[in-house]
Amino acid sequence: MIRSGSSVQKKLSANDVGDTGGHQDGILIPKHVDILNLLPKLPTGETNPRLTVRFEDLDDGEAWSFQYIYYNGKTLGHSTRDEYRLTGFSGFYRKHNAVQGGYVELSRSSDNKYYIRYTGPAAELAADEDDDVVVLSGTWTTIRSRTR
259 MIRSGSSVQK KLSANDVGDT GGHQDGILIP KHVDILNLLP KLPTGETNPR LTVRFEDLDD
319 GEAWSFQYIY YNGKTLGHST RDEYRLTGFS GFYRKHNAVQ GGYVELSRSS DNKYYIRYTG
379 PAAELAADED DDVVVLSGTW TTIRSRTR
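Sequential numbering of the sequence shown, starting at 259, is according to the numbering used here.
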């Protein structure tokens, strides 16, 4: 595992993987400093800023590009949305046969390369005994490495 201070893990919901019939193609990113600091900074002052972020699959090295978007219409007075999302997951989910209860792990290396991994429902993010494990919400966990 390549880590630079932290990795985050999202337990996938039925909505995340499309089991509810919605057209969602990604995951909601909580407004938590551990997750927002892992991802690149988005431009401010424009409507719905977005960046394409390239992730490398830790299992096979395949490159995946996802859209990191801040839907900021509420803060700009244009709409009621005020949320971060990482979208474009349908191909990644299909390749890995992602299911509700599975996990997506996101991490960043010290040279700012991004990594992704899918693990099935029985998996949990591995932590070393010197790491701090913090549950951010019911579906997100972060590991902050104290030794690296």
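Even for Gly, the Cβ is constructed at its ideal location relative to N, Cα and C.
Quick one, which of Ile285, Lys269, Tyr326, Leu296 has its alpha-carbon nearest Asp367's? For the record, residue 367 in the displayed sequence is Ser; it is not Asp. If we check each option's Cα against that of Ser367, Leu296 comes out closest.
Stretch-stretch touch, CB-based, cutoff 8 Å, three pairs: the region 302 to 315 with the region 281 to 288: no
Below 8 Å, can you find three or more Cβ-Cβ pairs linking the region 267 to 281 to the region 303 to 312? no
Inside the region 282 to 353 only - alpha helix (DSSP H) runs reaching at least 4 residues: 291 to 294, 331 to 334
In the structure shown, what three-state DSSP assignment does Ser264 receive? strand
For Lys269, which three-state DSSP category applies? strand
Look up Ser365 in the DSSP assignment and give the residues it is bridged to. Ser265, Tyr373
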